[in-house]
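Residue numbers (full-length UniProt numbering): 1 to 144.
Even for Gly, the Cβ is constructed at its ideal location relative to N, Cα and C.
Working notes, beginning with the structure itself.
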């Protein structure tokens with residue numbers, strides 16, 4: 001369940017939005033960014049791993065349980081992963097009515113960026129890029 005400017009016009013001008021996430025075991029919200037908002041994660045039920053990469057390229061991760069909070073600063077690459085045996089429920093609140101989202105697997109491997117650019121950027125062979133492009137989206141949960 002999501003409440004943002006695209007589906008709840010009353011948020012116009014308020015600078016907030018939120019999403020209720022129900023993440024069954026094994027669910028991954030792949031690395032992504034919100035270019036227009038910071039994110040506050042509040043766990044209602046279960047356990048979820050969350051992390052972001054800061055501006056010094058340091059990975060900051062934490063295992064969150066019921067009642068825990070976590071902040072992701074605007075524009076930083078981050079992810080959520082339910083690597084546990086029970087469903088996790090959490091609320092993501094954003095500092096914008098229109099936070100935007102760019103999921104890295106889709107952005108990098110599902111948009112037609114030239115293979116030569118990806119091969120040189122990642123220092124891998126064309127076969128690796130082909131496999132990543134074929135697998136783009138596998139194992140992800142759209143919509144949160």
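In terms of residue numbering, what span does the alpha helix (DSSP H) encompassing residue i cover?
i: residue 115; result: 115 to 122
i: residue 106; result: 104 to 109
Using beta-carbon positions only, say whether residue i and residue j come within less than 8 Å of one another.
i: residue 50; j: residue 80; result: yes
i: residue 24; j: residue 82; result: yes
Given that a residue counts as buried once 16 or more other Cβ atoms are within 10 Å of its Cβ, and exposed if not, what is residue i?
i: residue 157; result: In the structure as shown, the chain starts at 1 and stops at 144, and residue 157 therefore has no counterpart that could be examined.
i: residue 57; result: exposed
i: residue 35; result: exposed
i: residue 122; result: exposed
i: residue 139; result: Here the model assigns residue 139 a pLDDT of 46, short of 50, so the residue's position is not dependable, and the following value carries that caveat. Exposed, because fewer than 16 other Cβ atoms sit within 10 Å of the Cβ of residue 139.
i: residue 6; result: exposed
In the DSSP assignment, find the beta strand (DSSP E) that holds residue i and state where it starts and stops.
i: residue 45; result: 39 to 45
i: residue 219; result: Coverage of the chain is limited to positions 1 through 144, which leaves residue 219 absent and any answer about it impossible.
i: residue 133; result: From DSSP, residue 133 is part of no beta strand (DSSP E) but of the alpha helix (DSSP H) over 126 to 135.
i: residue 88; result: 88 to 94
Using the Cα positions of residue i and residue j, report the straight-line distance between them to the nearest angstrom.
i: residue 115; j: residue 19; result: 35 Å
i: residue 53; j: residue 10; result: 33 Å
i: residue 13; j: residue 97; result: 8 Å
i: residue 117; j: residue 132; result: 14 Å
i: residue 27; j: residue 112; result: 26 Å
When the Cβ atoms of the region 82 to 99 are set against those of the region 33 to 47, are three or more pairs found closer than 8 Å? yes
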